[in-house]
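Engineer:
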Amino acid sequence: MASTFDAVIVGSGFGGAIPALRLAQAGKKVLVLEQGRVYTEQDFKQSWDLKYLSNILNITTSDDYATFFRSGMALGGGSVVFSGLMNRSPSETFQFVDDNGYKVWPAAVNRQVLDPYYDMVESMMQVRQATWNEVSKTGGMFAKLLDNVGLTCDRARFPYVNCRQCGYCEAGCIYGAKQSLMHNYIPQAQAAGVEFKTGCRAMQILPAAAGYEVQYTGPDDTLSSVQGTIVIVAAGTIYSAELLLRSKPSLTQLSDQVGQNFNNNGVVRFGIELADGLPSIECYKGMDSAGVMTYAYWKDYGITIEAGTSPASIFTLNIHRAGELGWGLGFKQWAHAVYPSKLIIANIMGPVTGEGQVYLNSNNLPSVHFPLTQNLSTYIASKIAPIQALATANNAYLLQTMPSGYMYSIDHMLGTCRMGDDPARSVADGNGQIRNYPGLFVSDSSAIPCGTGVNPSTTIAANAERIAQYIVTNW
Amino acid sequence: MDMTKLLDDVVKRELNRREFFKWIAQASVVVSLFGLMDQISCGTVPKTGVPASPYMVPQTADEKTVYALCDTVLPGRTSDPGGAPGAVDVGTMDFAYDKFYGVVQELPLVLPLFNAEAQNQFGKPLYELDLAQRTAVLKSSETMLGLIDQIYMFLKGPFYIGIISTLGLEYMGDPGPNLGYRNQDFSFYKPMSNEMTSDGNLP
Ligand SMILES: Cc1cc2nc3c(=O)[nH]c(=O)nc-3n(C[C@H](O)[C@H](O)[C@H](O)COP(=O)(O)OP(=O)(O)OC[C@H]3O[C@@H](n4cnc5c(N)ncnc54)[C@H](O)[C@@H]3O)c2cc1C
Ligand code: SF4
Chain W
2 MASTFDAVIV
12 GSGFGGAIPA
22 LRLAQAGKKV
32 LVLEQGRVYT
42 EQDFKQSWDL
52 KYLSNILNIT
62 TSDDYATFFR
72 SGMALGGGSV
82 VFSGLMNRSP
92 SETFQFVDDN
102 GYKVWPAAVN
112 RQVLDPYYDM
122 VESMMQVRQA
132 TWNEVSKTGG
142 MFAKLLDNVG
152 LTCDRARFPY
162 VNCRQCGYCE
172 AGCIYGAKQS
182 LMHNYIPQAQ
192 AAGVEFKTGC
202 RAMQILPAAA
212 GYEVQYTGPD
222 DTLSSVQGTI
232 VIVAAGTIYS
242 AELLLRSKPS
252 LTQLSDQVGQ
262 NFNNNGVVRF
272 GIELADGLPS
282 IECYKGMDSA
292 GVMTYAYWKD
302 YGITIEAGTS
312 PASIFTLNIH
322 RAGELGWGLG
332 FKQWAHAVYP
342 SKLIIANIMG
352 PVTGEGQVYL
362 NSNNLPSVHF
372 PLTQNLSTYI
382 ASKIAPIQAL
392 ATANNAYLLQ
402 TMPSGYMYSI
412 DHMLGTCRMG
422 DDPARSVADG
432 NGQIRNYPGL
442 FVSDSSAIPC
452 GTGVNPSTTI
462 AANAERIAQY
472 IVTNW
Chain S
1073 MDMTKLLDDV
1083 VKRELNRREF
1093 FKWIAQASVV
1103 VSLFGLMDQI
1113 SCGTVPKTGV
1123 PASPYMVPQT
1133 ADEKTVYALC
1143 DTVLPGRTSD
1153 PGGAPGAVDV
1163 GTMDFAYDKF
1173 YGVVQELPLV
1183 LPLFNAEAQN
1193 QFGKPLYELD
1203 LAQRTAVLKS
1213 SETMLGLIDQ
1223 IYMFLKGPFY
1233 IGIISTLGLE
1243 YMGDPGPNLG
1253 YRNQDFSFYK
1263 PMSNEMTSDG
1273 NLP
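First to last, the protein sequences are chains W and S. 2 is the number of the first residue of the first sequence in my numbering; add one for each residue after it. 1073 is the number of the first residue of the second sequence in my numbering; add one for each residue after it.
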C-alpha cells in the first residue's frame, strides 16, 4: 500500500521547494521527490570538470546536437548552480503576443499581480541589488561601453551574502555566500515537516482513488509509489514534460500541448573583444555574472543583456571573430591575447515564440527538438544588430559564440507545460492546474509561457509562490 | 551501433566521398555524444582515476592520429613556434580516451578519413605532417565533416577548462581555484555608468 500525502511534489528547485514550504505551513503533509542528491558547501568544488559537474547538473543536447542545455540536479535544483541573477520581469513581458498572434501569458498574471510574490521571494532569499563594489571590472567595462554611446547600464540583483568574488557560482558556492534554496525555503520546509526524498526519480503519474499515484525509482533503482491528493510537477522544463509525456497512457486527457512551446528565454550569447589600449578587465575576477545588466534595448528591441556570464574560460572554447577559424595556432594565440584582459561575454534575453519541442525518443528518454528556425534566425539577427553597432562604436569586435554564429540557448529553458487562457494552446490554466486533472499542478519553468525578459528564476519563483497560495486557499 | 552494417549501407547507397565523410562523422559523434550524455544524465562516473603523468603517449596509428588532431586544433609546445603549451600538454589525449568523456570511443572510424585527406593532399598520414600541413588538412576536412565543431570543442576543453591540468588556464592568465578577489578594486569605470532604474528592476 503506497503511503499517502496531502501533496506530492516532483522536483526541489524553485518550482518545487517553494510550494513545499507554503503547503506545509498551511498544515499539509508534503513529500518532495528529488532525483538529485544533497550537496552542501563542503561537497562543492571550484572545478569545471564534467565528471564533477555531472553530479549536480543535467547536461543534454538538442536532437541535432547544435546546442546544449544545462539544468540543476541536486536538492535545491537550479538554485544550487545558477549565477544568481534575480531580476523581476518588466511589465511589458506579460503582454507579449507571439508570432502566431497569441497572447501567451494568462490575463490573470501580470507584473502587478506578481509583485507581492516577488517581494516574498526576495525577502526569503535575501535578494538585493549589487553594490558598485561588487560589480567586476568586466561589468564596469560593459557599462562603460554603453555609456560611451549614451546608453544606460544597471547593477543587477543577487541573493549573495558576503560574496568573495571567486567566480565559481555555477559549480556550487563553497563559501556559502549564494543563498540558494538550501539556505532558506528547503530548511524551513524541513522544519515545517516536509519530507524530502533525494535520489528518487519520478517515472509516472497515474490517477488514484483520492488523487494521484506517483511511481518513482529510489537510489537503489527499485520502483516504489506514493499517493497525493495533490501532485505538483516541478521537475524543470525538460523533465516535467518528460514525466507528463510518460504519464500520458494513464492520464489520457492530458493536452497535446505537453512538450510543445519549448523556448530558450530568447537567449543569444555573444562576445565582445575590447579595443587595444584599455586596462585589463581580468575577467576571471568576480562572480560568474559581471554584476550588471542593461535595459537600454528593452523599449526598442524587447531585450535585456546580462554581461559577464562565466566561466569565461569555458566560453573561450567557441568564441572567435566571424570569418576566422575557431581552432589552430592563430586561434590559440588570439585567445591568449584577448583572455582575460579584453574579452566580455554576454547574454541577450527577451520574450520569444516557443517553437521547440520536448518528446520521448525511442529509448523513452526526453529529447529536445530545437532547430534554428527561420523565426529564430530572424530573432537572432535582429537582436544582434544593435550589439554590432555598440561594438563598432567602441572600436571593439563583436565575437561569435558558435562556429557558425551565436549560441542560442543553454540554461533558460521554458514553456513545455505552459499556463494559458486558451485550452487549445496551453497545458495548464492560469493557476497552474493541469487541464482535465483537478489537483494536478505544474509550478516550475515549464509553466512559464515565454521568455521572461530577464533571467527567469525570480519569475519562476514568484509564480510558484502564487500557485502555492492558490492551492492553499482552494485545496 | 553496428559499424560494419553502416559501412555496408554507405557502400550500397553509393555516397560520394564528400557525403560519406560528413555522414560518417555525424554518426560517430552522435554515438560518442550519446555515450557521454547517457553517462552524465545517469550520473554514473566510471572510476578511471587520475591519468598517469606524463600524459598518454600515442602508440597505435589511431592514437597518433588523435594526437595529431589535438596538436593541430591547439598546437602544443613542440609545434608552436613560441613554445606555448597546447592540447597535448594538458592531458587532452587522456581526456579523449577516458570512458567517461566518450570523445574518441567511436572516432577511430573517422580517423582514417583525416588520414585519407592527408594522403590525398600530402601523400602521408596526418600524424606525419607538420603543423602547416595538418592545418591545411583540417581546414579542407572541416567543410566535409558534419559536427566537426563539436569534436574540436571537446578537444579544446581540457586546455581552456583545466579539466586535467591547469597549465592551459595558467597560460591564459586565469588562476583557477581561488580564495576570492574581495580586496580587488572593483570600482573600475563604474562612476561612468548611468542607471535606468532605482533598484535594478524595471517597473
Ligand atoms: C548553470 C546555470 C546558471 C543559471 N543562472 C541563472 C541565473 O543567473 N539567473 C536565473 O534567473 N536563472 C539562471 N539559471 C536558470 C535557472 O536555474 C532555472 O531557470 C531554474 O532553476 C528553473 O527552476 P525549476 O524549478 O523549473 O527547475 P529546477 O531548478 O531545474 O529544478 C528541477 C528539479 O527537479 C529534479 N528532477 C528532474 N526530473 C525529476 C524527476 N523525474 N523526479 C524527481 N526529480 C526530478 C531536478 O533534479 C531538479 O533538482 C541558470 C541555470 C543553470 C543550469
Ligand atoms: S562568486 Fe560569490 S557567490 Fe559565487 S561562488 Fe564565489 S563566493 Fe560564492
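Glycine included, each C-beta is placed from N, C-alpha and C at the ideal position.
Run through the DSSP bridge pairs and tell me what W/Ile349 is partnered with.
Structural biologist: W/Val269 and W/Ile306
Engineer: Are the beta-carbon atoms of W/Ile273 and W/Ile345 separated by less than 8 Å?
Structural biologist: yes
Engineer: Span of the beta strand (DSSP E) holding W/Tyr213?
Structural biologist: Gly212 to Thr218
Engineer: Give me the residue from W/Ile57, W/Glu35 and W/Leu32 with the minimum Cα distance to W/Asp44.
Structural biologist: W/Ile57
Engineer: Given W/Lys115, which residues of its chain have a CB within under 6 Å of its CB, disregarding the five upstream and five downstream residues?
Structural biologist: For clarity, residue 115 of chain W is Leu in the given sequence; the question names Lys instead. Closer than 6 Å at the Cβ level, and outside the excluded window around W/Leu115, lie Ala463.
Engineer: Between the Cα of W/Leu255 and the Cα atoms of W/Gly141, W/Leu246 and W/Asn163, which residue gives the shortest distance?
Structural biologist: W/Leu246
Engineer: Pick out the complete alpha helix (DSSP H) segments inside the stretch 357 to 440 of chain W, 4 residues or longer, and give them in chain order.
Structural biologist: 375 to 394
Engineer: Rounding to the nearest angstrom, what Cα-Cα distance links S/Thr1269 and W/Arg156 in this structure?
Structural biologist: 9 Å
Engineer: Is the Cβ-Cβ distance between S/Gly1234 and S/Gly1252 less than 8 Å?
Structural biologist: no
Engineer: Check each candidate in W/Leu147, W/Cys154 and W/Pro352 and name the one with the smallest Cα separation from W/Asn396.
Structural biologist: W/Leu147
Engineer: To the nearest angstrom, how far is it from the Cα of S/Gly1245 to the Cα of W/Ala448?
Structural biologist: 42 Å
Engineer: Do W/Val359 and W/Ala242 have their C-beta atoms within less than 8 Å of each other?
Structural biologist: yes
Engineer: Using a threshold of 8 Å, state whether the C-beta atoms of W/Lys46 and W/Ala172 are closer than that.
Structural biologist: Taking a C-beta distance under 8 Å as the contact criterion, W/Lys46 and W/Ala172 qualify as a contact pair.
Engineer: Is the closest heavy atom of ligand 2 to the C-beta of W/Cys284 under 7 Å?
Structural biologist: Of the heavy atoms belonging to ligand 2, none sits nearer than 7 Å to the Cβ of W/Cys284.
Engineer: Let me check one thing: in DSSP terms, what residues is W/Arg112 bridge-paired to?
Structural biologist: In the DSSP output, where bridge partners are listed per residue, W/Arg112 has none listed.
Engineer: Taking the Cβ atom as the reference point for each residue, do W/Ala211 and W/Ala25 lie within a distance shorter than 8 Å?
Structural biologist: no
Engineer: Tell me whether W/Asn456, by its Cβ, gets closer than 7 Å to a heavy atom of ligand 1.
Structural biologist: yes
Engineer: Under a CB-based cut-off of 8 Å, is S/Tyr1253 close to chain W?
Structural biologist: yes
Engineer: Any contact between the stretch 465 to 472 of chain W and the stretch 87 to 106 of chain W? By contact I mean 3 or more CB pairs, one from each, below 8 Å.
Structural biologist: no
Engineer: Just checking: is the beta-carbon of W/His413 within a distance shorter than 8 Å of some beta-carbon in chain S?
Structural biologist: The beta carbon of W/His413 does not come within 8 Å of any beta carbon belonging to chain S, so the residue lies off that interface.
Engineer: Chain W partners of S/Phe1172, CB-CB under 7 Å?
Structural biologist: For a Cβ distance threshold of 7 Å, residue set Lys52 of chain W lies close to S/Phe1172, ordered along the chain.
Engineer: Would DSSP call S/Gly1234 helix, strand or coil?
Structural biologist: helix
Engineer: Quick one: residues in its chain with C-beta nearer than 6 Å to the C-beta of W/Thr5, no 5 flanking neighbours on either side, listed in chain order?
Structural biologist: Gln228
Engineer: Along chain S, in chain order, which residues have C-beta atoms closer than 8 Å to that of W/Ala1?
Structural biologist: Absent from the model: residue 1 of chain W. The displayed extent of chain W is 2 to 476, so no value can be given.
Engineer: Among W/Ser13, W/Gly406, W/Ile19 and W/Ile388, which one has its Cα closest to the Cα of W/Ser40?
Structural biologist: Note on residue identity: the sequence assigns Tyr, not Ser, to residue 40 of chain W. Nearest option by C-alpha distance: W/Ser13.
Engineer: Looking only at C-alpha atoms, which of S/Met1264, S/Ile1236, S/Ser1265 and S/Ala1208 sits nearest to S/Asp1166?
Structural biologist: S/Ile1236
Engineer: Can you tell me whether W/Tyr276 is buried or exposed? The criterion is at least 16 other CB atoms within 10 Å of its CB, across all chains shown.
Structural biologist: Contrary to the premise, residue 276 of chain W reads as Ala rather than Tyr in this sequence. The C-beta of W/Ala276 has fewer than 16 other C-beta atoms within 10 Å across all chains shown, which makes the residue exposed.
Engineer: Secondary structure at S/Arg1206, three-state DSSP: helix, strand or coil?
Structural biologist: helix
Engineer: Within 7 Å: the Cβ of W/Tyr240 and any heavy atom of ligand 1?
Structural biologist: yes
Engineer: Could you give the residue range of the beta strand (DSSP E) that holds W/Asp7?
Structural biologist: Ser4 to Val11
Engineer: Taking Cβ to Cβ, would you say S/Val1182 is nearer than 8 Å to S/Gln1193?
Structural biologist: no
Engineer: Would S/Asn1273 count as contacting chain W if we go by Cβ distances under 8 Å?
Structural biologist: yes
Engineer: Measure the C-alpha to C-alpha separation of W/Met87 and W/Val195 and round it to an integer number of angstroms.
Structural biologist: 26 Å
Engineer: With a threshold of 8 Å between beta-carbons, can W/Gln166 be considered close to chain S, or not?
Structural biologist: Chain S contact via Cβ: present.
Engineer: Give the list of continuous alpha helix (DSSP H) stretches no shorter than 4 residues that lie fully inside the stretch 21 to 84 of chain W.
Structural biologist: 51 to 54
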